[in-house]
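Residue numbers (this note's numbering): 3 to 219.
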């Protein structure tokens with residue numbers, strides 16, 4: 003399956019415009035058009051929000067919105083195990099199975115599938131706040147349906163801890179670049195201050211001929 007044309011902030015992606023971004027650059031954040039790294043699941047979720055025949059327009063704001071939406075679904079899914087179950091259900095959650103599979107059969111319409119999943123997320127939050135009720139059977143049904151759609155069909159996985167690790171790597175690279183620039187400018191007070199502040203965060207720097215490394219202590 004191939005996606006339609008990709009644009010960056012409304013402009014067609016191309017090397018001549020210096021807005022051609024590889025997947026590795028998205029993952030590392032090492033491109034001037036990116037303000038931070040974006041993990042593989044964020045990119046996947048962003049793409050799933052649009053029909054594969056539609057034009058995709060990448061922007062930092064759009065990627066952050068995709069991350070927020072994806073995390074909301076993961077949090078709702080994880081909340082299912084903590085819900086207080088009831089003897090009766092006040093809302094029909096079984097209908098979402100057919101709605102989602104109808105959307106998948108409609109030229110793999112993932113935006114509609116996600117819309118239904120967000121509706122399910124609202125139901126989960128309402129049950130959690132005791133505005134709606136679900137039986138244990140319906141809670142199990144929702145968990146199975148969401149798990150099948152999110153992880154098996156849409157290919158998502160909850161790797162937020164891994165994304166946090168990538169962000170730490172990116173931030174440390176930025177901090178070390180600033181410290182190196184300070185040293186080159188003979189601003190040793192700033193360089194030492196950075197080292198001291200990182201030590202307070204249990205991060206130790208190690209200077210060598212090859213550059214500066216770091217480790218948690």
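No residue lacks a Cβ here, since even glycine has one placed at the ideal position from N, Cα and C.
Give me, in chain order, the residues of the same chain whose beta-carbon lies closer than 6 Å to that of residue 208; leave out the 5 immediate sequence neighbours on both sides.
215
Quick one: grab the DSSP three-state call for residue 219.
coil
How is residue 46 classed by DSSP in three states: helix, strand or coil?
helix
Go ahead and pull the three-state DSSP assignment for residue 143.
helix
I believe residue 88 touches residue 135 by the beta-carbon criterion, under 8 Å. Please report the beta-carbon distance rounded to the nearest angstrom.
Cβ-Cβ separation between residue 88 and residue 135: approximately 4 Å, consistent with a contact (criterion under 8 Å).
Report the start-end ranges of each alpha helix (DSSP H) in the stretch 45 to 94 that is 4 residues or longer and not cut off at the edges.
Runs found: 62 to 81.
Kindly indicate which residue of 102, 123, 64, 93 has the alpha-carbon position closest to the one of residue 80.
123
Give the DSSP-derived three-state secondary structure of residue 9 in the structure shown.
Strand, per DSSP.
Name the one or two DSSP bridge partners that residue 209 has.
214
Taking the alpha helix (DSSP H) that residue 35 belongs to, which residues open and close that run?
Where residue 35 is concerned, there is no enclosing alpha helix (DSSP H), given that its DSSP letter is neither H nor E.
Just to confirm, are residue 65 and residue 48 a CB contact at a threshold of 7 Å?
yes
Is the separation between the beta-carbon of residue 91 and that of residue 140 shorter than 7 Å?
yes
So which of 16, 29, 95 has the shortest CA-CA distance to residue 169?
Of 16, 29, 95, the residue nearest in Cα terms is 29.
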